[in-house]
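The UniProt record's numbering puts the first residue of the sequence shown at 1, with every later residue one more than the last.
Here is the structure we will look at.
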Amino acid sequence: MRAEERQHRILTLARHHGQVEVTAVASDLAVAPETIRRDLGVLERRGLVRRTYGGAYPVEGAGFETGLAERVNLHVADKRRIAAEAVKLLGEAETVFVDEGYTPQLLASLLPRDRPLTVVTASLSTAAAVAESADTTVLLLGGRVRARTLATVGSWACAMLAGFVIDLAFVGSNGISRELGLTTPDPVVADVKAKALEVSRRRVFVGHHSKFGASSFCRFAEVADFEAIVTDTGLSSTEAHRYTLLGPRVFRA
1 MRAEERQHRI LTLARHHGQV EVTAVASDLA VAPETIRRDL GVLERRGLVR
51 RTYGGAYPVE GAGFETGLAE RVNLHVADKR RIAAEAVKLL GEAETVFVDE
101 GYTPQLLASL LPRDRPLTVV TASLSTAAAV AESADTTVLL LGGRVRARTL
151 ATVGSWACAM LAGFVIDLAF VGSNGISREL GLTTPDPVVA DVKAKALEVS
201 RRRVFVGHHS KFGASSFCRF AEVADFEAIV TDTGLSSTEA HRYTLLGPRV
251 FRA
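Dropping the structure here:
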């Protein structure tokens, strides 16, 4: 198998499973682990994967984005800790925007149900997670539903957001970096996220450490736009400090 074919196979596996391990792929392709490490280095330099200890995970871009079905099986324990830490920042907020994605969905399920709360979301899954609470009013943004994420996008969603003043927005992204800010692969998704941030008084980023240092196609915010970043301990304390220098507090759950 030529190097190009092998690298294509590795990338396909990474995108299908959400990550790859060097030893497993080396065994599957009948090559030495060092060969796979070199291939991952090539793919990383092309911006297609991010290396981890013993493996790699795919970088989401204009041509590739994981769906909700894959996200609910990746890094679940980390995402639960992030959600539990982020919900502590709710404070006295009465109106909350909760973004699409699995971590925000977990966060939504932890919102208090013993006080009146209005939740605005583009995510069908998030809306379903909180709709049964008697004290919670759920406003689901209209628009086209994206099959991969079960979230609405488009002018209707943005027009609805434009009419709100929201106390707190919990927002995720496909990538976050100190240089390029927050990014996502699809322009219509970026539009909804940007509008939600624009109409919110407070803004909190929630995301797994694998998002950090990655960048995608469409930028919708700067790191300095957020009062807080909530992630897991996979982000080093040194790197977390670098983000605090841009303005937000960083919490590592």
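From the three backbone atoms N, C-alpha and C, an ideal C-beta is built for every residue, glycine too.
All figures in this text were calculated on a predicted structure; none of them were measured in a lab.
ask   = So, G40 versus V49, is the Cβ gap smaller than 9 angstroms?
value = Residue identity differs from the one stated: residue 40 is Leu in this sequence, not Gly. For L40 and V49, yes; Cβs fall inside 9 angstroms.
Unbroken beta strand (DSSP E) run spanning L140, endpoints = T136 to L140
request  = Compute the distance between the beta-carbons of E60 and A214, then report whether it is under 9 angstroms.
outcome  = yes
query = For Y102, does the count of other Cβ atoms within 10 angstroms reach 16, so buried, or fall short, so exposed?
reply = buried
query = Among F97, R144, V165 and L161, which has the Cα closest to the Cα of V130?
reply = F97
query = Going along the chain, which residues of its own chain have a beta-carbon closer than 6 angstroms to the beta-carbon of I36, five neighbours each way excluded?
reply = V22, V25 and A26
query = So which of R46, N174, H75 and A194 has the shortest CA-CA distance to H17?
reply = H75
request  = Look at the alpha carbon of A194 and the alpha carbon of R146, and state the distance between them as a whole number of angstroms.
outcome  = 17 angstroms
key: Strand pairing of F251, partner residues [DSSP]   = V230
ask   = Going by alpha carbons, who is nearest to S109 out of T118, A83, V120 and R115?
value = A83
ask   = For the candidate residues E222, I166, F164 and R202, whose alpha-carbon lies nearest to that of T184?
value = E222
key: Three or more C-beta pairs below 8 angstroms linking the stretch 202–213 and the stretch 163–178   = yes
task = Look at the Cβ atom of L161, then the Cβ atom of A134, and state whether they are nearer than 9 angstroms.
result = no
inquiry  = I'd like the span of the beta strand (DSSP E) that includes S177, first residue to last.
reply    = G175 to S177
inquiry  = With H, G and I counted as helix, E and B as strand and the rest as coil, what does DSSP make of R148?
reply    = coil
request  = Could I get the ranges of all uninterrupted beta strand (DSSP E) runs contained in the UniProt domain "HTH deoR-type" (3–58), with 3 residues as the minimum, in chain order?
outcome  = 49–52 and 55–58
inquiry  = In whole angstroms, give me the CA-to-CA distance for T136 and P116.
reply    = 6 angstroms
ask   = How would you write the range of the alpha helix (DSSP H) that R242 sits in, first residue to last?
value = S237 to T244
request  = Go through its chain and collect everything with a Cβ distance to D78's Cβ below 6 angstroms, but skip five positions before and after it.
outcome  = H208 and D232
ask   = For R45, is the classification buried or exposed, using 16 other Cβ atoms within 10 angstroms of its Cβ as the cut-off for buried?
value = exposed
query = Under three-state DSSP, which class holds S133?
reply = coil
request  = Counting only the same chain and skipping the five closest in sequence on each side, list residues whose C-beta sits under 7 angstroms from that of R81.
outcome  = D232 and A253
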